[in-house]
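> Residues in the sequence shown are numbered from 374 upward in steps of one, following this note's numbering. Even for Gly, the Cβ is constructed at its ideal location relative to N, Cα and C. Sending over a structure as structure tokens; questions will come in a sec.
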Amino acid sequence: MVKAIFIDYTGTMVREDDPYSKELIGYILKNSDFKSPAELLKIVWEQIKSAEAESVGVKFIKNIEKINKVIDYCKKNYGLKADENYIRDIWQKVWIKAPLYDDVKPFFDNSTLPIYIISNDDMYYLEESMKEKNLNPTGIISADMVKACKPHIQIFKKALEVAGVEAQEAIFIGDSIISDIEPAKQIGMNPVLICRKEEEVHEGICCIKTLDELVLE
């Protein structure tokens, strides 16, 4: 029996094509040697994921430190010459103000089960985002709570501890196979992959396009 729902934040709950993200991409492109938005996004995500993979225990770093690493990498390798404080300011607005997908608020409002957010973002930004969006999750499990980012298993263990449920009693919804589905499956949760842009088929994994497609058994 399912007793709790856990859900990823970026890409699952909030959009990644918000005005602040577009402003940030445009500004960096204008002030660097990146040839296209696609090239910029590829490099940024590679650097973020690399920083998160190393961000464990005493080596843990918060959101703004990850951004500093990205900025330094772009300065060294892509000739970035820009107002770094401006970049940090826009990026922080993305973390707080990125809009929800249309199906998220109804999903939270109509759920008969407690819903917990699991995110690699810092607690401060997640709490500010919830205020901004008037959303009330049962709980939030952030990377800075456990000094580890997804896909590290520690954050999933902490989530189960906070909710007071066993892994088999939990559903985890996310948009990434590597960061969400694989570690959730490893710990024994019931993983659900949300594929908002296109239909995907992954053997042994439940896939949905919108949250209202979720069927609880």
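On the three-state DSSP scale, how would you describe residue 553?
The answer is helix: DSSP assigns residue 553 an H, G or I state.
> Rounded to whole angstroms, what is the Cα-Cα separation between residue 375 and residue 541?
Those two C-alpha atoms are separated by around 8 Å.
> Using three-state DSSP, classify residue 433 as helix, strand or coil.
If DSSP states are grouped into helix, strand and coil, residue 433 belongs with coil.
> At which residues does the beta strand (DSSP E) containing residue 377 begin and terminate?
It spans 377-381 - the beta strand (DSSP E) in which residue 377 sits, taken as one unbroken run.
> Could you tell me which residues DSSP pairs with residue 521 in its beta bridges?
According to DSSP, residue 521 bridges with 429.
> How long is the line joining the alpha carbons of residue 439 and residue 465, rounded to whole angstroms?
About 12 Å.
> Would you mind stating whether residue 587 and residue 581 have Cβ atoms separated by less than 9 Å?
A contact, by the Cβ cut-off of 9 Å.
> Going by CA-CA distance only, name the one from 415, 510, 569 that's closest to residue 380.
Per the Cα distances, 510.
> Across the segment 402-416 and the segment 483-491, are there enough close Cβ pairs to call them in contact, namely three or more that are closer than 8 Å?
With the cut-off at 8 Å, the segment 402-416 and the segment 483-491 do not touch.
> List, from N- to C-terminal side, the alpha helix (DSSP H) runs of 4 residues or more that fit wholly inside the segment 387-426.
Runs of the alpha helix (DSSP H) inside the segment 387-426: 392-403.
> Output needed for residue 568: all residues of its chain with C-beta closer than 8 Å, excluding positions within five of it in sequence on either side, in chain order.
Closer than 8 Å at Cβ, skipping near neighbours: 548, 580, 581, 582.
> So if DSSP puts residue 580 in a beta bridge, which residue, or which two residues, is it bridged to?
Per DSSP, 566.
> Relative to the C-alpha of residue 388, which candidate in 534, 452, 532, 468 has its C-alpha closest?
Per the Cα distances, 468.
> Indicate whether residue 480 and residue 584 have their beta-carbon atoms separated by less than 9 Å.
Yes; because the gap between Cβ atoms is below 9 Å, this pair is in contact.
> If contact is defined by three or more beta carbon pairs under 8 Å, each pair taking one atom from either stretch, is the segment 497-504 in contact with the segment 524-533?
The segment 524-533 vs the segment 497-504: no contact.
> Would residue 416 and residue 407 qualify as a contact pair, given that the criterion is a beta-carbon distance under 9 Å?
In this structure, residue 407 lies closer than 9 Å to residue 416 by Cβ.
> For residue 489, list the residues DSSP reports as bridge partners.
379, 512, per the DSSP bridge assignment.
> For residue 465, would you say it is in contact with chain D, using Cβ-to-Cβ distances shorter than 9 Å as the test?
Going by chain labels, chain D is absent from the structure shown, which holds only one protein chain.
> Assuming residue 396 contacts residue 463 under a Cβ cut-off of 8 Å, what Cβ separation, rounded to an integer in Å, is found between them?
Residue 396 to residue 463, Cβ: 6 Å. Contact.
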